[in-house]
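Read through the structure below, which is laid out as structure tokens, and then see the notes.
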Amino acid sequence: MPLTDTAVRQAKPAEKPRKLSDSGGLYLLVNKAGRYWRWKYRHGGKEKVMALGVYPEVSLAQARERHQEGRKLLASGIDPMADRKRQASAPATTTFEQAARQWWAHWSPSRSTRHADYVLRRLEADVFPEIGGMPAGGIPASSFRDTIKKIEARGALDIAKRALQTCGQIMRYAVAHDLAERNPVSDVRPADVLKARKKRNYARVDAKELPELLKAMESYVGSEYTRLALKLMALTFVRTTELIAARWEEFDLDAARWNVPAERMKMKTPHIVPLSRQALAVLEQIKALSYGRSLLFPGERNHDKPMSNNTILYALYRMGYRGRMTGHGFRGVASTILHEQGWPHEHIELQLAHQERDDTSAAYNHALYLKQRADMMQWWADYVDRRLNGNQS
0 MPLTDTAVRQ AKPAEKPRKL SDSGGLYLLV NKAGRYWRWK YRHGGKEKVM
50 ALGVYPEVSL AQARERHQEG RKLLASGIDP MADRKRQASA PATTTFEQAA
100 RQWWAHWSPS RSTRHADYVL RRLEADVFPE IGGMPAGGIP ASSFRDTIKK
150 IEARGALDIA KRALQTCGQI MRYAVAHDLA ERNPVSDVRP ADVLKARKKR
200 NYARVDAKEL PELLKAMESY VGSEYTRLAL KLMALTFVRT TELIAARWEE
250 FDLDAARWNV PAERMKMKTP HIVPLSRQAL AVLEQIKALS YGRSLLFPGE
300 RNHDKPMSNN TILYALYRMG YRGRMTGHGF RGVASTILHE QGWPHEHIEL
350 QLAHQERDDT SAAYNHALYL KQRADMMQWW ADYVDRRLNG NQS
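Rendered as structure tokens:
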């Protein structure tokens, strides 16, 4: 007679182990240590006993389901126990890189091609060389820690954080697809292993508030120099000090580039700002006011010195943005929106002049990805235009 839930629940151990039979070789082994589901079957002329779980963690219904799955394999000529061993070995034979590429193929269709390709490139450059050949189911948390610490060591803190986040997504996928038993990345918190970056909290508007700000800038009634400085800052998201001291000799309008010299940069290396069509149009307006002066934005009293560092900030105050927006805030707004739109993190960081600093590459990083950055800057300028004109896309 088949077992019932009541019979299983009330089964108590006796002096000797006993078996409560269900059907088809399935039985409950009851002894002083506990209650265990077992299945006795024959394969290849040999009698075998397969463990199907422990009661009550595995209920009678679940044990029967596992029993039926095993019987289907047996009917197909497959030894259920051998099949279980084969599956158990999957985490040891599937490498992290293989699991990562499976995850990427699953994840990437819902992302922009640009962003998905960037994530894969970062894995290929930073992660696969370190742990790509290790079994997906056998990587200790310390290996993920060491991988991101190596990225951090070259000055790429943000890339290190994103690499850890991506590894966590890959390992969650691996667990869900029986490629690993657990996700060791969950044991590694960025705050515990990476250095904290000192930040100044510059006030900035949210993306949804950008149209209102752009309209306020467009109708600004103060100095025309200040209004145009605000527009150029919004289009280029350079630092305030880099903007107000700009000189015409730094601009190659034919090549649509602004070459900021190293001595004027916070990081003390040259910086290239690709100029969008909109930025070039603003520069033409500024040129019409310059009267041959070398500075784009001369001081009000002394035209041989740049405008005050507070000019942009006070203009924002007059527009009603005290405590809500600063000149530096344009950088944060642009970074947030560009990241949300899937532009590669590395391109954004380079354009913000946050590029990685090391002795061998610092002098050359400013020229990396210029074509891609020019495309990004044109997209940004078009986005600003759309938001100014009320288009939400």
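Taking numbering that gives the first Met the number 0, I'd label the letters of the sequence shown as residues 0 to 392. We put the beta carbon where it would ideally sit given N, CA and C, even for glycine.
- DSSP places threonine 5 in the helix class (H, G or I) of the three-state scheme.
- Residue state for tyrosine 368 is assigned as coil, using DSSP reduced to three classes.
- Classified as exposed, proline 139 has fewer than 16 neighbouring CB atoms from the shown chains inside 10 Å of its CB.
- In the structure shown, phenylalanine 250 falls within a strand segment according to DSSP collapsed to helix, strand and coil.
- For valine 48, the uninterrupted beta strand (DSSP E) run begins and ends at 45-54, by DSSP.
- Judged by DSSP in its simplified three-state form, isoleucine 336 adopts helix.
- DSSP lists Leu27, Gly52 as the bridge partner or partners of tryptophan 36.
- Rounded to whole angstroms, tyrosine 201 and serine 58 show a C-alpha spacing of 57 Å.
- Membership of arginine 17 in the beta strand (DSSP E) is indicated by the continuous run 17-20.
- Per DSSP, the unbroken alpha helix (DSSP H) holding isoleucine 130 starts and ends at 127-130.
- DSSP, read as helix, strand or coil, puts histidine 42 in strand.
- For the pair leucine 282 and arginine 246, the CB atoms are not nearer than the 8 Å cut-off.
- For alanine 215 against methionine 318, the beta-carbon gap comes to about 4 Å, under 8 Å, which counts as contact.
- Contact between the stretch 337-353 and the stretch 302-315 is not established, with fewer than three Cβ pairs separated by less than 8 Å.
- Per the C-alpha coordinates, the member of Leu227, His66, Lys18 positioned closest to leucine 288 is Leu227.
- If you check the CB distance, leucine 212 and valine 220 do not come in under 8 Å.
- For isoleucine 271, DSSP records a beta bridge to Asn258.
- For the 8 Å CB-CB criterion, valine 272 and threonine 325 do not form a contact.
- As DSSP reads the structure, threonine 94 sits in a beta bridge with Pro134.
- Under DSSP, proline 305 forms a beta bridge with Pro297.
- Our two residues, threonine 146 and glutamine 97, have alpha carbons roughly 17 Å apart in a direct line.
- Across the set Phe95, His114, Arg37, the C-alpha of Arg37 shows the shortest separation from the C-alpha of methionine 80.
- For lysine 84, the enclosing alpha helix (DSSP H) has its first and last residue at 79-87.
- Annotation for aspartate 157: the continuous alpha helix (DSSP H) segment containing it runs 156-175.
- Close CB contacts of glutamine 377 within its chain, under the 6 Å cut and outside five residues either way in sequence, are with Ser275 (chain order).
- Under the three-state reduction of DSSP, leucine 178 is assigned to coil, being neither helix nor strand.
- Per the Cβ contact rule, the stretch 141-157 is in contact with the stretch 113-131 (3 or more Cβ pairs under 8 Å).
- Annotation for serine 289: the continuous alpha helix (DSSP H) segment containing it runs 276-289.
- Non-local beta-carbon contacts of tryptophan 103 in its own chain, meaning distances under 6 Å to residues more than five positions away in sequence, involve Leu119 in chain order.
- Secondary structure at glycine 331: helix, using DSSP grouped into helix, strand and coil.
- Inclusion of alanine 10 and leucine 27 in the CB contact set at 8 Å is warranted, their separation being smaller than that value.
- If you draw a 10 Å sphere on the C-beta of glycine 328, you find 16 or more other C-beta atoms in it, and that means buried.
- Of all C-beta pairs linking the stretch 336-346 to the stretch 157-174, three or more are shorter than 8 Å, placing the two stretches in contact.
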